[in-house]
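Below is one structure, written out as structure tokens; the observations come after it.
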Amino acid sequence: MSTPWFELTLEFQRKLDYLRLATAVSRLVSEAAAREDLPGSLVDDVELAVSEACTNAIKHSARAGGTARVVLRFRVYEGELVIEVSDRGEGFDIEKVPLPEFDRHPEGGYGLYIIRTVMDEVRYTAAAGVNTLTMKKRLKRPR
Amino acid sequence: MEILDEIVGKATVLKLNGRLDSASAGSLKDKVKDCAKKGRIHLVIDMAGVDFVDSSGLGSLVACLRSVNKLGGDIRIAAPQSRVRAVFELIRLHHIFEVFDSAGTAVSSFRDAGTGTVS
Numbered sequence: 001m002s003t004p005w006f007e008l009t010l011e012f013q014r015k016l017d018y019l020r021l022a023t024a025v026s027r028l029v030s031e032a033a034a035r036e037d038l039p040g041s042l043v044d045d046v047e048l049a050v051s052e053a054c055t056n057a058i059k060h061s062a063r064a065g066g067t068a069r070v071v072l073r074f075r076v077y078e079g080e081l082v083i084e085v086s087d088r089g090e091g092f093d094i095e096k097v098p099l100p101e102f103d104r105h106p107e108g109g110y111g112l113y114i115i116r117t118v119m120d121e122v123r124y125t126a127a128a129g130v131n132t133l134t135m136k137k138r139l140k141r142p143r
Numbered sequence: 001m002e003i004l005d006e007i008v009g010k011a012t013v014l015k016l017n018g019r020l021d022s023a024s025a026g027s028l029k030d031k032v033k034d035c036a037k038k039g040r041i042h043l044v045i046d047m048a049g050v051d052f053v054d055s056s057g058l059g060s061l062v063a064c065l066r067s068v069n070k071l072g073g074d075i076r077i078a079a080p081q082s083r084v085r086a087v088f089e090l091i092r093l094h095h096i097f098e099v100f101d102s103a104g105t106a107v108s109s110f111r112d113a114g115t116g117t118v119s
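Protein chains in written order, with this note's numbering: chain A, 1 to 143; chain B, 1 to 119.
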């Protein structure tokens with residue numbers, strides 16, 4: 001992949017207090033990455049995905065102990081915003097995460113569904129004790 | 001997130017300002033629990049001042065709805081911004097909450113009809 005236009009990494013303790021910081025940074029990055037001809041919802045979509053992903057990472061890494069941290073990394077390329085959220089929690093098999101049971105209206109379990117809905121590509125990897133959710137958003141309006 | 005409450009006839013209006021997410025979900029649950037203890041179980045959540053929600057925030061609304069339903073009450077949603085309404089509908093909560101354009105009409109609905117429940 002080509003060299004990013006710019007990149008930014010934010011590392012924070014596994015506390016929900018930092019969620020506001022993470023989402024605020026996501027807005028700044030996606031606003032800087034977006035072009036005038038992009039749909040206005042892009043910044044909102046990215047903020048929502050980052051909120052969901054960071055909440056999941058904070059909850060998962062909570063099981064890994066008090067010193068666990070969450071790493072949020074943004075890379076902006078020509079035509080694409082790539083966001084990685086990493087934690088040292090237990091991890092999960094993304095292919096085995098079911099759709100929410102919409103008919104039962106559960107109180108939780110919507111996060112990955114929302115991320116997959118608002119982002120263009122979602123991957124999850126676990127290596128050397130680090131779990132990374134990678135989310136991509138296209139920065140060009142489809143022709 | 002700021003939560004202001006006002007009793008209007010049979011209903012209690014909880015006016016939320018700010019962000020309803022995993023960081024603030026607990027304060028909404030606490031507020032609804034406090035209302036329920038006082039017998040205030042016909043609640044209108046005025047969301048006009050909410051500029052961001054995520055699934056954890058909306059999940060707390062579902063938990064609140066179930067808790068007041070058990071007591072014979074209901075929660076009705078008022079004036080969500082379009083962005084908030086979009087997430088609300090994405091996870092299909094419009095099937096279990098009645099949504100009104102204003103807090104006033106939501107309050108009136110408690111006078112005009114009974115309460116709904118969710119299992």
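Glycine residues also receive a C-beta, built at the ideal position from the N, C-alpha and C atoms.
Just so it is clear, the structure is predicted and the values come from calculations on it, not from any experiment.
Cβ-based neighbour list, residue i, same chain, cut-off 7 Å, excluding 5 preceding and 5 following
i      : result
A/A33  : V76, L81, L139
B/H94  : F88
B/C64  : L28, K29, V32, I75
A/E52  : G111, I114, I115
A/V130 : S86, R88
Boundaries (first-last residue) of the alpha helix (DSSP H) holding residue i
i     : result
A/T23 : 19-33
B/L90 : 82-90
B/R66 : 55-70
Contact set between residue i and chain A, taken where Cβ atoms lie within less than 9 Å
i     : result
B/G59 : P106, E107, G108, G109, Y110
Beta-ladder partner(s) of residue i, from DSSP
i      : result
A/M135 : A/I83, A/V122
A/Y77  : A/E80
A/T9   : A/R73
B/I77  : B/I45, B/V99
Under 7 Å by beta carbon: chain A residues contacting residue i
i     : result
B/L90 : I114, T117
B/I96 : H105
B/V32 : Under the 7 Å cutoff, chain A gives no residues; its nearest Cβ is about 13 Å from B/V32.
Listed by chain order, chain B residues near residue i by CB distance under 7 Å
i     : result
A/E90 : Those do not exist, as A/E90 stays about 18 Å from chain B at its closest Cβ, beyond 7 Å.
Residues of its chain near residue i, where Cβ-Cβ distance is below 8 Å and the 5 sequence neighbours each way are ignored
i     : result
B/K31 : I3, D5, L14
A/S2  : Y77, E78
A/E11 : R69, V70, V71, L72
Close beta carbons around residue i, own chain, < 6 Å, minus the five adjacent residues each side
i      : result
A/K57  : Looking at the sequence itself, residue 57 of chain A is Ala, so the reference to Lys does not match. The answer, listed in chain order, is V70, V85, D87.
A/R143 : Because A/R143 sits at a pLDDT of 46, beneath the cut-off of 50, its placement in the model cannot be relied upon, and the following sentence gives the value as read from the coordinates. Cβ within range, chain order: n/a, list empty.
Proximal chain B residues relative to residue i, where beta-carbon distance stays under 8 Å
i      : result
A/P100 : I91
Neighbour list for residue i in chain B, Cβ cutoff strictly below 9 Å
i     : result
A/T55 : D21, S22, A23, D54, S55, S56
Interface residues of chain A facing residue i [CB-CB closer than 8 Å]
i     : result
B/V8  : Chain A residues near B/V8: none, gap ~27 Å exceeds 8 Å.
B/V62 : H105, P106, E107
Bounding residues of the beta strand (DSSP E) (the contiguous stretch that carries residue i)
i     : result
A/K96 : Per DSSP, A/K96 belongs to no beta strand (DSSP E) and is neither H nor E.
Item checked: Positions along the region 41-52 of chain A whose CB lies within less than 9 Å of some CB in chain B -> Cβ contacts with chain B come from S41, D44, E47, L48, S51, E52.
Check: Listed from N- to C-terminal order along the chain, which residues in the region 64-93 of chain B have their beta-carbon within a distance smaller than 9 Å of any beta-carbon of chain A?
Finding: Here the close residues are L65, R66, R83, A86, V87, L90, I91, R92, L93.
Checklist line | Within 8 Å of chain B by C-beta, residues of the region 8-21 of chain A in sequence order | finding: Per Cβ criterion, the list reads L16, D17, L19, R20.
Item checked: Residues, ordered as in the chain, of the region 37-53 of chain B that lie near chain A by beta-carbon distance below 9 Å -> Those residues of the region 37-53 of chain B placed with their C-beta closer than 9 Å to a C-beta in chain A are F52, V53, ordered along the chain.
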